[in-house]
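Participant: Numbering (the working numbering), first residue to last: 97 to 227.
C-beta atoms are modelled at their ideal positions from N, C-alpha and C, and glycine is treated no differently.
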C-alpha cells in the first residue's frame, strides 16, 4: 500500500493531473501557459530592466547576482541545467507517448473501417462487441 503525502508540491500535482488529462485538456493547458508566458514577457518589457543577460547555451535570463552565484558554485549550475534538461526530456517523452497512443488508435480505427467496408461489399453484416 502506498503512502499518501499530507502535502503535494504544485509541480507534482500538475504532473499527476497531466498524466491523466485528455489530449484536449492538455492542449487547453498548453495554450493557457503560452498566453501566460506572452503576458509575462509583455510585462517584463514594459518594466525597467535590471542588469541581466541571456545565456547563449540554454536561453535563460539571469541577473548579475545570479550569474556570480552560479560561477562561484559550479555544482549548482550543473544541477539547474540538469533539472532543465530533465524537464525537457519528460515533456518529449510525454509527447511521444501521446503520439504513439494516437497512432495506435488511428491504425485500429482504419483497420476496423476497412473490415466494415469489405463485409458490406460482400453482402454480409457483422456486429462486433468489444470485450
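How many angstroms separate the CA atom of residue 182 from the CA atom of residue 122?
Facilitator: 20 Å
Participant: Provide the residue span of the alpha helix (DSSP H) that contains residue 169, from first to last.
Facilitator: It is not in any alpha helix (DSSP H) - residue 169 carries neither H nor E in the DSSP assignment.
Participant: Under a three-way DSSP split, which group does residue 208 fall into?
Facilitator: helix
Participant: Kindly indicate the opening and closing residues of the alpha helix (DSSP H) around residue 117.
Facilitator: Premise fails: residue 117 is in no alpha helix (DSSP H) and is neither H nor E.
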